[in-house]
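Encoded as structure tokens, the structure appears first; notes follow it.
In the numbering used here, the protein residues as written are 56 to 516.
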């Protein structure tokens, strides 16, 4: 029901009241609550510790919603993570374990489309689709500005984009171009009677990062990246394959600092884009009726644990991501939440707030209890993080692993190698493996039981 229809019904009711006893009141009309819009913003390879470089996004989303300080992706790789966002499933269930795996699982977009939502994609979908600049848009999307896996599509400057199935060269900076397409979508969607869903998924700050014109002058005094776990001398608590990693060479360290600076510089255009989209929502009168998610598909190593680049592994730099949800009707006051949540929780939250039943295959849970600040929310005991490391930069391949993340602890079993247990409250940089510590025996047994439980849901190879 659109606003005009609602206004007409209200006028009828007021007219009947004004008539008093001259005519009986009409039957009470039950109006369904308005379904919200959804805007899902997914950055590419953005670390959890970089939001200070996006002050506009920090102010407009994180400081006006719920910030989840312990948010993780369940597989820290582009396509598997995006498939989990779209389905609410672990990678072992949607079967996108590598970036090269095809993705054909039922998604939240298909179900929103069937429910009457006006749907759009602006940016990257998954790595395998569209494979060509001329592949047709997926039928569940009404508006499709897709990036392909080719170099021209992912280019920061002058990209060729898939515009509703047509390969279209563009001139300019990619984030700005995608921003303008997203603004156009919001303008068109706001003219519809139905609510809308938009995924805005630019390439920034993925490497090789190239900042927008003028932004290469930002942060001239950025200090070298030297966290406590950077290029550590002692690797004795790590799996054997990690103990065999070489120390980072001076040229690698120089490259890490250069790449990091360029990544942070690319975030400025993304920050402006996010602000522009929220301004457009406000101009269209849709801002407070739009559930806005901001998340990254994964993080990125920058020399931590001697890993000069890459992601995949369950350490904080890779699997932990920035995540916030803005929706004033439920989260009227900004706050921070320490609960361990994950990308698999986005789809079930959308199902919940859209009034749709989630499919049986969904692994995640709705974040509604945290948005409305329930005092005793029902939540799962643990979150599973899993990975199948192949073709990893500077590493090659390493054994598959499974990780349990709950409370202040993280427990990882690497196939055929040393297990790891970290107490993040006292060891946030994951330098002290407590696997053999008698002080952590009870915690270890509990987390081993959690992993045994999680494996019951994993299909046999």
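Ideal Cβ positions, reconstructed from N, Cα and C, are used throughout, including at glycine.
query                                                                                                                                                                                  : result
Report yes if the C-beta distance between residue 143 and residue 395 is below 8 angstroms; otherwise report no.                                                                       : no
Residue 281 by DSSP, collapsed to three states: which one?                                                                                                                             : coil
How would you call residue 359, buried or exposed, if buried means at least 16 neighbouring beta carbons within 10 angstroms?                                                          : buried
Answer with buried or exposed for residue 387, where buried requires no fewer than 16 other C-beta atoms within 10 angstroms of its C-beta.                                            : exposed
For residue 253, is the classification buried or exposed, using 16 other Cβ atoms within 10 angstroms of its Cβ as the cut-off for buried?                                             : buried
Please list, in chain order, all residues of the same chain as residue 197 whose beta carbon is under 6 angstroms from its beta carbon, the five residues on each side excluded.       : 173, 174
For a quick check, are the C-beta atoms of residue 91 and residue 408 less than 8 angstroms apart?                                                                                     : yes
Can you list, in chain order, the residues of its chain with a C-beta nearer than 7 angstroms to that of residue 170? Leave out the 5 residues immediately preceding and following it. : 409, 411
In the DSSP assignment, find the unbroken beta strand (DSSP E) run with residue 443 in it and report its ends.                                                                         : It is not in any beta strand (DSSP E) - residue 443 carries neither H nor E in the DSSP assignment.
Buried or exposed for residue 441, going by 16 or more other Cβ atoms inside 10 Å?                                                                                                     : buried
Going by the DSSP bridge assignment, what does residue 104 pair with across the sheet?                                                                                                 : Bridge partners of residue 104: none, in fact.
Would you report the Cα separation of residue 130 and residue 244, rounded to the nearest angstrom?                                                                                    : 32 angstroms
Based on the DSSP output, what are the partners of residue 428 in its beta bridges?                                                                                                    : DSSP, once it has assigned bridges, lists no residue as partnering residue 428.
Could you pull out every residue in the same chain whose Cβ sits closer than 6 angstroms to the Cβ of residue 94, ignoring the five residues on either side in sequence?               : 253, 345, 347
Taking 6 angstroms as the limit between beta carbons, can you name the residues of its chain near residue 315, skipping five residues before and five after?                           : 280, 357
Runs of 4 residues minimum, wholly inside the segment 250-303: which ones carry the alpha helix (DSSP H) assignment?                                                                   : 295-298
Nearest to residue 177 by CA position, among 241, 437, 482, 327, is which residue?                                                                                                     : 241
Would you kindly check if the distance between the Cβ of residue 147 and the Cβ of residue 139 is under 8 angstroms?                                                                   : no
Could you work out which residue in 161, 305, 312, 250 is closest to residue 275 when comparing CA atoms only?                                                                         : 312
Output needed for residue 134: all residues of its chain with C-beta closer than 6 angstroms, excluding positions within five of it in sequence on either side, in chain order.        : 151, 154, 181, 182
Whole-angstrom Cβ separation of residue 260 and residue 98, contact assumed at under 8 angstroms?                                                                                      : 7 angstroms
Is residue 195 helix, strand or coil by DSSP?                                                                                                                                          : coil
According to DSSP, which residues form a beta bridge with residue 179?                                                                                                                 : 202
Could you tell me the boundaries of the beta strand (DSSP E) in which residue 98 lies?                                                                                                 : 92-98
Using the three-state DSSP reduction, which class does residue 217 fall into: helix, strand or coil?                                                                                   : strand
For residue 102, does the count of other Cβ atoms within 10 angstroms reach 16, so buried, or fall short, so exposed?                                                                  : buried
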